[in-house]
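Notes follow the structure.
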Amino acid sequence: MPPYLGMHLTVFSFLLSSIFVKMSNISSCVVSARRYALAAASSSSRRQTVAFGADTLMVASPSSSASTRISRSTSSVTNNVLLAQSRRNFCSTSTKLRMSIADTPLGNGPGADLLDGLDVYTVPASEDGHPITVYGINSDQNQIEEDKSTKRRAILMLHGRTWSSVPVYHLLGGPRHAAQNKPGRESRSLMEALYDAGMQPYAMDFRGFGGTPPDASGWVEPNRCVADVEAVLQFVSEHHPTSDASSAGNNDLPALMGWSQGALVAQLVGQKAPDLMSQLVLYGSIYDPLVRYPRSPLYVENPDRRNETQVKNEYDGAIEDFTVEGSIPPEPARLFAEAALLSDPIKAHWNHLYQFNNCD
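So in the numbering used here, spot 262 of the sequence shown is number 1431, and the numbers just go up one at a time.
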């Protein structure tokens, strides 16, 4: 046998054995649980639990003694979750351990103070049930019932590459900050501003940011963010139904806004699932048709980021966006940096950025 032929056969045998090993690993990651419950906890904000079972979707609020039950036949969110459970192809450690916002920097300590005035929800991702943390303002069911006459339009906001939605969209917000009435510490909360303008704002954190724990991969991937946003848009539609069923239409769906790199995620969602939103807002998008992200080599196995040294975020990185002199007073910029480091002390790692090449 020629030497080169023997070498090729050896390589081919190694590749076959690798494929069988990977297939067995994938099979071991399939989650077969039919029931699970995910809880969002915060000591300084109203907390709600969204529990998905085989028959009902239950939204329980500590401020109410009764639970609101919605039958599966009237809850498309529950149906979507149950369908996804039978199609899971990704194993989420955080889901198996029933992690929630309580296991993140925003769940306890000084970071929890940033949630003042926010309603906190946990929405299971459609792919693997991973707990996605969502924030609202005056968004509990009783408040929505009272505000039906105002016909508030819902909007979901996505953060950028580095920082959670909490410091980005709710800086210095909440009644406790307002009660302090200190010069230079006025509310910079976009969520409060939108609510005062007659809208119903929501925001979410991608995996590994702010109140959403990282998943087993340790990465943040665009396509997985897209799938998570779809699940949250469905949750917002169910949680914030139209005030007039007879006028149901595209305008009654939530709007979607993405900022900076989050605008790329929003753009992909708009291309993939336009039927889930009424309007798409790309704010400060970094989209450039001339930029193409390189693909990862097919023959390089993705590293396990859980064993890598964590990289801390830094103060200078938190204020680098304020590059235009006079765009924001120095004091709010400093307060943003402090809040950003509380919500995201460890840098989240993005991977497979080539998926953004699908933006069109």
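Ideal Cβ positions, reconstructed from N, Cα and C, are used throughout, including at glycine.
DSSP beta-bridge partners for residue i?
i	result
Y1452	W1428
Y1290	V1303
Y1371	G1305 and L1325
L1340	R1357
W1519	V1389
K1481	I1515
Would you report the Cα separation of residue i and residue j, rounded to the nearest angstrom?
i	j	result
N1350	E1361	16 Å
G1427	F1491	18 Å
R1376	G1387	9 Å
R1330	S1454	11 Å
N1482	R1357	22 Å
V1434	A1400	14 Å
P1352	L1359	19 Å
P1463	F1525	10 Å
P1458	A1348	47 Å
D1421	S1406	9 Å
C1394	A1517	13 Å
D1485	A1506	8 Å
N1527	V1460	11 Å
K1320	G1380	29 Å
P1499	R1354	11 Å
V1438	Y1456	14 Å
W1519	E1390	6 Å
L1504	D1309	29 Å
A1396	P1293	11 Å
L1340	Y1364	15 Å
A1281	L1325	21 Å
W1332	F1378	7 Å
A1385	D1272	14 Å
V1480	S1429	22 Å
S1295	G1495	43 Å
I1270	L1467	35 Å
D1288	Y1523	34 Å
P1279	A1366	30 Å
N1392	L1283	29 Å
M1170	H1521	Bear in mind that a pLDDT of 47 at M1170, under 50, signals an unreliable position, so the model cannot answer this.
G1276	S1465	35 Å
L1445	P1410	13 Å
D1531	G1342	Beyond the ends of the chain as shown, which are 1170 and 1529, falls residue 1531; an answer cannot be given.
P1274	P1514	8 Å
Got a sec: does the ligand MN put a non-hydrogen atom nearer than 7 Å to the Cβ of residue i?
i	result
P1498	Of ligands this structure carries none, so the ligand MN is not represented either.
Tell me which residues share the same chain as residue i and place their Cβ nearer than 7 Å to its Cβ, disregarding the 5 neighbours each side in the sequence.
i	result
V1493	none
M1268	P1300 and P1382
D1529	Q1440
L1451	G1427, A1432, A1435 and Q1436
H1346	D1285, R1354 and S1356
L1449	L1425, A1435 and G1439
Skipping 5 residues on each side, what residues in its chain have a beta carbon closer than 6 Å to that of residue i?
i	result
H1328	S1334, V1337 and G1431
H1408	none
D1374	T1302, S1333, S1334, G1380 and T1381
A1502	I1488 and F1491
P1443	none
I1497	F1491
Return the chain-ordered list of same chain residues with a C-beta closer than 8 Å to the C-beta of residue i, the five sequence neighbours on each side being excluded.
i	result
P1344	D1285 and G1286
V1398	L1325, L1327, M1373, L1425, V1434, A1435 and V1438
Subject >> Contact between the region 1366 to 1385 and the region 1291 to 1304 (3+ Cβ pairs under 8 Å) >> reply: yes
Original post:
Would you call the region 1504 to 1514 and the region 1333 to 1343 touching, i.e. three or more CB-CB distances under 8 Å?
Top reply: Flag = yes, the region 1504 to 1514 and the region 1333 to 1343 touch.
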